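Numbering (the working numbering), first residue to last: 232 to 502.
Okay, structure coming up:
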């Protein structure tokens with residue numbers, strides 16, 4: 232069971248990653264295959280969405296988030312995020328016509344109780360995403376670039392200091408799709424290799440979808456199919472066809488399914 236808990240802890244960590252944190256290979260893969268853009272609906276025009284998200288970690292430890300998304304202007308969302316009943320983030324998203332975040336501003340509470348404002352600008356190309364981090368004076372001080380292949384999997388993650396030393400940190404990912412593996416190399420700001428790892432990569436990870444085209448059974452994309460680690464996702468929907476309840480479970484081999492997260496959405500629509 233050791234491998235499955237490594238994956239579950241990784242999934243839990245990625246799921247609570249904040250907008251302001253820099254991208255890496257694992258966050259990009261998670262966002263593609265199990266996104267937490269809970270503000271999106273398929274039909275209807277919401278005025279607000281309330282989300283209760285409970286992540287169950289090892290030894291029954293629970294991480295509880297309560298998020299409120301408010302839609303007051305077109306393509307703008309105000310967000311309040313509570314963690315274990317305490318306000319942790321006060322955010323604003325500006326979206327493009329494809330409902331992707333192009334501007335982010337977050338007032339974020341860190342571990343020592345201090346609040347900091349973070350601003351990000353995002354831009355998108357067919358096979359590239361760029362994120363620029365803005366300081367209090369309106370100047371860019373970090374730039375993150377992610378390049379994708381034709382399957383929209385990340386191949387290069389570049390973190391660059393802007394206005395300081397001319398240096399970048401790189402993650403380079405090479406895929407062997409025929410054999411289902413990847414090799415990930417990390418280089419520090421001095422260009423020296425920091426880490427290299429080989430792992431599994433499954434492009435046909437989806438087992439089943441439902442009539443709403445939502446995934447209901449899958450392998451995790453970076454797990455070995457021979458381990459038979461299966462994820463089930465159960466949904467309930469409202470009259471608009473938008474999910475209001477999502478329960479994620481996993482099993483390994485012949486073991487019974489075990490729930491690791493429960494998410495509930497209350498969607499308030501315009502009349």
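Here a beta-carbon is modelled for each residue, glycine too, at the ideal position from N, C-alpha and C.
Computed from a prediction, not measured in an experiment: that's the story for all the values here.
Exercise. Under 7 angstroms, do residue 389 and residue 398 count as touching if we go by C-beta distance?
Worked result: No. Outside cutoff.
> Skipping 5 residues on each side, what residues in its chain have a beta carbon closer than 6 angstroms to that of residue 338?
Replying inline: Taken in chain order, the residues that qualify are 321, 346, 348.
**OP:** Under 6 angstroms Cβ to Cβ from residue 401, same chain only, skipping five residues before and after it: list those, please.
**Re:** Taking residue 401 as the centre and dropping the five residues before and after it, the same chain places the C-beta of 389, 418 closer than 6 angstroms to its C-beta, in chain order.
Spatial neighbours of residue 440 in its chain, beta-carbon cut-off 8 angstroms, leaving aside the 5 residues before and after: Closer than 8 angstroms at Cβ, skipping near neighbours: 446, 447.
**Report entry** For residue 483 and residue 364, the rounded distance between their alpha carbons
**Finding:** Cα atoms of residue 364 and residue 483: separation of roughly 40 angstroms, rounded to the nearest angstrom.
Taking 8 angstroms as the cut-off, does the region 359 to 375 touch the region 298 to 307 (at least 3 CB pairs, one atom from each stretch)?
The answer is no - the region 359 to 375 does not touch the region 298 to 307, with fewer than three Cβ pairs under 8 angstroms.
Which residues mark the beginning and the end of the beta strand (DSSP E) in which residue 416 is found? Here the beta strand (DSSP E) through residue 416 covers 412 to 418.
Practice item. Please name the residue in 467, 266, 438 whose C-alpha comes closest to that of residue 460. Key: That would be 438, whose Cα lies nearest to the Cα of residue 460.
| Under the three-state reduction of DSSP, which class applies to residue 247: helix, strand or coil? | Because the pLDDT at residue 247 is just 48, under 50, the model does not fix this residue reliably, and the value given afterwards should be weighed accordingly. Residue 247 falls in the coil class under three-state DSSP.
>> For a test of the three-state rule: what should DSSP assign to residue 269, helix, strand or coil?
In response: Here residue 269 sits in coil by DSSP.
Assigned exposure category for residue 377 - 16 Cβ within 10 Å defines buried:
It is buried - the Cβ of residue 377 has at least 16 other Cβ atoms within 10 Å.
**Q.** DSSP-derived helix/strand/coil call for residue 431
**A.** Note: residue 431 maps to strand in three-state DSSP.
Kindly indicate which residue of 309, 263, 308, 282 has the alpha-carbon position closest to the one of residue 298. Closest in C-alpha terms to residue 298, from the list 309, 263, 308, 282, comes 282.
Discussion item. Quick check on residue 352: does DSSP put it in helix, strand or coil?
Written reply: In the three-state reduction of the DSSP assignment, residue 352 falls in the strand class, which pools E and B.
Leaving out five residues before and five after residue 386 in sequence, what residues of the same chain have Cβ atoms less than 7 angstroms from its Cβ? Within the same chain, Cβ atoms closer than 7 angstroms to the Cβ of residue 386 are found at 378, 379, 380, 404, the five residues on either side in sequence being excluded.
- Item | Near the ligand PLP: residue 338 beta-carbon under 6 angstroms from a heavy atom | Looking for the ligand PLP in the displayed structure turns up nothing, as the structure carries no ligands at all.
### Query
Between the beta-carbon of residue 276 and the beta-carbon of residue 501, is there less than 7 angstroms?
Between residue 276 and residue 501, the CB-CB gap stays under 7 angstroms.
Subject >> C-beta atoms of residue 264 and residue 452 nearer than 7 angstroms >> reply: One thing to note: residue 264 has its Cβ within 7 angstroms of the Cβ of residue 452.
> Exposed or buried, which one is residue 490 when buried takes at least 16 other CB atoms within 10 Å?
Replying inline: The residue in question, residue 490, is exposed, as its Cβ has fewer than 16 Cβ neighbours within 10 Å.
Handout entry: Inter-residue Cα distance where the pair is residue 425 and residue 416
Key = A straight line joining the alpha-carbon of residue 425 with that of residue 416 spans about 8 angstroms.
Note the first and the last residue of the continuous alpha helix (DSSP H) segment covering residue 263.
Its alpha helix (DSSP H) spans residues 256 to 264.
(request) Might you give, ordered along the chain, the residues of its own chain that have their beta carbon closer than 7 angstroms to the beta carbon of residue 309, omitting 5 neighbours on each side? (result) Non-local beta-carbon contacts of residue 309 in its own chain, meaning distances under 7 angstroms to residues more than five positions away in sequence, involve 301, 303, 323 in chain order.
Let me check one thing: in DSSP terms, what residues is residue 492 bridge-paired to? By DSSP's assignment, residue 492 forms a beta bridge with 286, 479.
### Query
What separation, rounded to the nearest whole angstrom, lies between the Cα atoms of residue 194 and residue 344?
No answer is possible for residue 194: it lies beyond the span of the chain, which begins at 232 and ends at 502.
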